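The numbering of the sequence shown is our numbering, which starts it at 3 and goes up by one.
Quick reminder that beta carbons are idealized off the backbone N, C-alpha and C, glycines included.
All of these numbers come straight from a predicted model, not from anything done at the bench.
Down below is the structure, laid out as structure tokens.
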Amino acid sequence: MSEKVVHITVRPNGPLRVEGHIKLTDADGREWNLEGKPAISLCRCGMSDKRPFCDGAHGRNGWQCETAPPGNLT
Ligand code: FES
């Protein structure tokens, strides 16, 4: 995998796993310090107390969500 490629995996019933060279900012451009983190998990269920990061609340609450892309979107 190229270093410039950011790989995002939609985890089944869970977060978005983001791997690669990541820069994460809020809407005002303030940046989270991700030094030393080759990957992060971003909450997509909305229940995490540590948003935008996943804290495992999806599993504790039995959150479920379809993960496969439709048709030919690969
Ligand atoms: S996806 Fe894990 S807490 Fe939301």
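> When the distance is taken between beta carbons, is I42 closer than 8 angstroms to V20?
Replying inline: Position 18 of the sequence shown, counted from the start, is the residue given in the question as residue 20. Position 40 of the sequence shown, counted from the start, is the residue given in the question as residue 42. Their beta carbons are under 8 angstroms apart, which means V20 touches I42 by this criterion.
>> Please report the straight-line C-alpha distance between A70 and V12, rounded to a whole angstrom.
In response: In the sequence shown, residue 70 corresponds to position 68, counting from 1. In the sequence shown, residue 12 corresponds to position 10, counting from 1. One C-alpha to the other measures close to 8 angstroms.
>> In the DSSP output, which residue or residues are listed as bridge partners for R19?
In response: Along the sequence shown, read from residue 1 onward, the residue named residue 19 stands at position 17. Answer is T11 and S43, bridged to R19.
>> Below 7 angstroms, is the gap between the Cβ of G64 and the nearest heavy atom of the ligand FES?
In response: Stepping through the sequence shown from its first residue, residue 64 is reached at position 62. Every heavy atom of the ligand FES is 7 angstroms or more from the Cβ of G64, so no.
>> Going by DSSP, what residue range makes up the alpha helix (DSSP H) through A70?
In response: For the purposes of this step, residue 70 is taken as the residue at position 68 of the sequence shown. Segment: none, A70 is in no alpha helix (DSSP H) and carries neither H nor E.
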